[in-house]
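Written below as structure tokens is the structure these notes are about.
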Amino acid sequence: MEIKLAVLADYAAITDQGKLVLGGVFDTLILSRLPGVHPQMAVAVRMSASTGEGTKHALTLRLVDPEGADVVPPIEGALEFRSAGTLPGAGAQVVLHLNQIEFRAEGAYRFEILVDGHPIGSIDLSVHLTAPQTPRH
Numbered sequence: 003m004e005i006k007l008a009v010l011a012d013y014a015a016i017t018d019q020g021k022l023v024l025g026g027v028f029d030t031l032i033l034s035r036l037p038g039v040h041p042q043m044a045v046a047v048r049m050s051a052s053t054g055e056g057t058k059h060a061l062t063l064r065l066v067d068p069e070g071a072d073v074v075p076p077i078e079g080a081l082e083f084r085s086a087g088t089l090p091g092a093g094a095q096v097v098l099h100l101n102q103i104e105f106r107a108e109g110a111y112r113f114e115i116l117v118d119g120h121p122i123g124s125i126d127l128s129v130h131l132t133a134p135q136t137p138r139h
């Protein structure tokens with residue numbers, strides 16, 4: 003199993019034709035205060051698997067803080083790989099929407115992607131506080 007694409011975005015969707023639509027891809031959040039809440043984001047993942055790996059799997063997404071602790075409870079769901087037509091193997095796409103995520107500290111956060119309990123990849127997210135504005139006189 004292999005991750006082909008894994009990103010954070012302001013918006014993500016999968017069309018009826020199977021196209022992955024992304025808007026506002028990012029890897030850094032600039033917050034005005036801490037703790038701070040990011041109103042919404044999407045995690046988009048595209049994966050491939052060999053024919054022998056089967057089609058149905060369990061997907062887990064963990065958001066961990068700079069200390070390695072879970073920011074929110076792990077998100078779990080089903081993952082189904084579909085044949086890629088005449089090409090060998092199969093593919094799967096997943097979009098998960100996350101709302102009102104609270105970040106308590108600056109630093110390097112990470113979305114860990116696990117399939118059947120095994121880590122297969124991650125997405126890094128840097129969280130920073132805005133520099134204080136100096137009043138103009």
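Per our numbering, the sequence shown starts with residue 3, numbered consecutively.
Ideal placement from N, C-alpha and C gives every residue a C-beta, glycine not left out.
Small disclaimer: the values here were computed from a predicted structure and weren't measured.
Across which residues does DSSP place residue i in a beta bridge pair?
{"i": "residue 109", "result": "129"}
{"i": "residue 76", "result": "According to DSSP, which records beta bridges pairwise, residue 76 is partnered with nothing at all."}
{"i": "residue 7", "result": "48"}
{"i": "residue 71", "result": "BP columns for residue 71 are empty, so no partner."}
{"i": "residue 93", "result": "50 and 84"}
In angstroms with no decimal places, state the Cα-to-Cα distance between residue i and residue j.
{"i": "residue 59", "j": "residue 49", "result": "12 Å"}
{"i": "residue 26", "j": "residue 12", "result": "5 Å"}
{"i": "residue 163", "j": "residue 35", "result": "This structure gives no information on residue 163, because the portion of the chain shown stretches from 3 to 139."}
{"i": "residue 133", "j": "residue 97", "result": "32 Å"}
{"i": "residue 24", "j": "residue 51", "result": "22 Å"}
{"i": "residue 95", "j": "residue 78", "result": "15 Å"}
{"i": "residue 20", "j": "residue 33", "result": "34 Å"}
{"i": "residue 187", "j": "residue 16", "result": "Residue 187 is absent from the structure shown; the chain starts at 3 and stops at 139."}
{"i": "residue 162", "j": "residue 75", "result": "Residue 162 lies beyond the residue range present for the chain, which begins at 3 and ends at 139; the question has no answer from this structure."}
{"i": "residue 29", "j": "residue 56", "result": "32 Å"}
{"i": "residue 31", "j": "residue 131", "result": "8 Å"}
{"i": "residue 54", "j": "residue 6", "result": "18 Å"}
{"i": "residue 22", "j": "residue 10", "result": "13 Å"}
{"i": "residue 127", "j": "residue 18", "result": "29 Å"}
Sort the options by Cα distance to residue i and report the nearest one.
{"i": "residue 118", "options": "98, 53, 81 and 32", "result": "81"}
{"i": "residue 64", "options": "95, 111 and 85", "result": "111"}
Within a Cβ cutoff of 7 Å, which residues of the same chain sit near residue i, ignoring the five residues on either side of it in sequence?
{"i": "residue 8", "result": "47, 115, 123 and 125"}
{"i": "residue 85", "result": "92"}
{"i": "residue 83", "result": "51, 57, 92, 93 and 94"}
CB-CB under 6 Å to residue i, same chain, minus the five flanking residues each way: which ones, in chain order?
{"i": "residue 73", "result": "65 and 67"}
{"i": "residue 4", "result": "50"}
{"i": "residue 14", "result": "24, 44, 46 and 97"}
Hey, does residue i have any beta-carbon neighbour from chain D nearer than 9 Å?
{"i": "residue 39", "result": "Absent from the structure is chain D; it holds one protein chain and no more."}
Between which residues of its own chain and residue i is the CB-CB distance below 8 Å, once the five residues before and five after are set aside?
{"i": "residue 121", "result": "114 and 115"}
Given 8 Å, three or more beta-carbon pairs between the stretch 91-110 and the stretch 36-44:
Flag = yes, the stretch 91-110 and the stretch 36-44 touch.
Count Cβ pairs between the stretch 65-84 and the stretch 106-118 that sit closer than 8 Å; are there 3 or more?
Yes, the stretch 65-84 touches the stretch 106-118.
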